[in-house]
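Visitor: Take 19 as the starting number for the sequence shown in our numbering and just add one per residue. Virtual Cβ for every residue (Gly too), placed ideally from N, Cα, C. Questions regarding the structure given below will be posed in turn.
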Amino acid sequence: MKQLHPIVAAIALSIGACAAAQAANSAPDPAHVAAASEGFLQYHPDLRWRKEGLGHYEDGRLDLALEALKRSARYADKGSQALVAEMYWKGEGTPVDRAAAYAWMDLAAERGYKDFLAVREHYWSELSPEEQKRALQIGQQVYADYGDEVAKPRLEKTINKGRRGTTGSRTGFKGALTVLLPGNGNWISLDAEQYYSDKFWQPEQYFEWQDQLWQEPYRGRVEVGAVTTEDASESSARE
């Protein structure tokens, strides 16, 4: 298995796919358990493709990992966008392209998440003037294809489709859902009321949940040296 660097490990944990943590927790976070359900992932392609990309990454199939993470990025997944940036920066599954790495990390920092802002500024400080100019050019196309303005509606469409399908399922249902956690073959029972929580099936609440996951930085998660976190608006001034 390829060693995960800090930002990759943090993204993996955010899915809630850590079997040991789930087994040790008698009352697992419903967000974590729901994310392991294939039915859930069908209507949340952001997590589906992130999960697949991380699987390929851990197996050392970096080209497939990059492809899957870009598919996740099309559905406004900021974690995947940050990981794509790091893969470009380090030349994992693709030739090193530091200008492209900056463009992708700038996209990941679009909502002002502190960790991604810090990494973005580290990238910028390492670029040559020529690379900086090219990074801004690449960023225009990256935002056109993957920015929240176009990516969020894609995800909203699939979540809304899934919500319509679950309406009949949840009516009168008071049992437990059985979902299979990825990678360990253990089954965990999840109360249906938790699975059908609005924060998973109402796009606005879903994005609020995502913001809660990423808003606070993970201490020690990213090693970027001495950097200064600037407001997201300062990046816009570069364009």
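Leaving aside the five residues before and after residue 221 along the sequence, list all residues of the same chain whose C-beta is less than 6 Å from its C-beta, in chain order.
Guide: Counting from one through the sequence shown, the residue named residue 221 turns up at place 203. Here the set comprises 174 and 177.
Visitor: Can you tell me where the alpha helix (DSSP H) with residue 222 in it begins and where it stops?
Guide: For the purposes of this step, residue 222 is taken as the residue at position 204 of the sequence shown. Here the alpha helix (DSSP H) through residue 222 covers 221 to 233.
Visitor: Assign residue 109 to one of three DSSP states: helix, strand, or coil.
Guide: In the sequence shown, the residue the question calls residue 109 occupies position 91. Correct three-state label for residue 109: coil.
Visitor: Reducing DSSP to helix, strand and coil, say where residue 94 ends up.
Guide: Within the sequence shown, the letter at position 76 stands for residue 94. DSSP places residue 94 in coil when its eight states are reduced to three.
Visitor: Quick check on DSSP: helix, strand or coil for residue 61?
Guide: For the purposes of this step, residue 61 is taken as residue 43 along the sequence shown, with counting starting at 1. In this structure, residue 61 counts as coil in the three-state DSSP scheme.
Visitor: DSSP state of residue 172, grouped into three classes?
Guide: Sequence index remark: in the sequence shown, residue 172 carries index 154 (1-based). Helix.
Visitor: Kindly indicate which three-state DSSP category residue 121 falls into: helix, strand or coil?
Guide: On the sequence shown, position 103 is the one that residue 121 refers to. Residue 121 falls in the helix class under three-state DSSP.
Visitor: Just to confirm my understanding: we take residue 149, look at its own chain, exclude 5 residues before and 5 after, and list those with CB closer than 8 Å. What are they?
Guide: Counting from 1 along the sequence shown, the entry for residue 149 is found at position 131. So the list reads 116, 117 and 120, once near-sequence residues are dropped.
Visitor: Spatial neighbours of residue 85 within its chain, please: C-beta separation below 6 Å, excluding the five flanking residues on both sides.
Guide: Locating residue 85 in the sequence shown gives position 67, counting from the first residue. No residues qualify anywhere along the chain.
Visitor: Which value, in whole angstroms, describes the spacing of the CA atoms of residue 99 and residue 124?
Guide: Sequence index remark: in the sequence shown, residue 99 carries index 81 (1-based). Sequence index remark: in the sequence shown, residue 124 carries index 106 (1-based). Roughly 9 Å between the two C-alpha positions.
Visitor: With the cut-off set at 8 Å, would you say residue 169 and residue 94 are in Cβ contact?
Guide: If you number the sequence shown from 1, residue 169 lands on position 151. If you number the sequence shown from 1, residue 94 lands on position 76. Yes; because the gap between Cβ atoms is below 8 Å, this pair is in contact.
Visitor: Checking 8 Å against the spacing of the C-beta atoms, do residue 88 and residue 134 come in under that value?
Guide: Reading the sequence shown from its first residue, position 70 is the one you call residue 88. Reading the sequence shown from its first residue, position 116 is the one you call residue 134. Contact flag unset, no.
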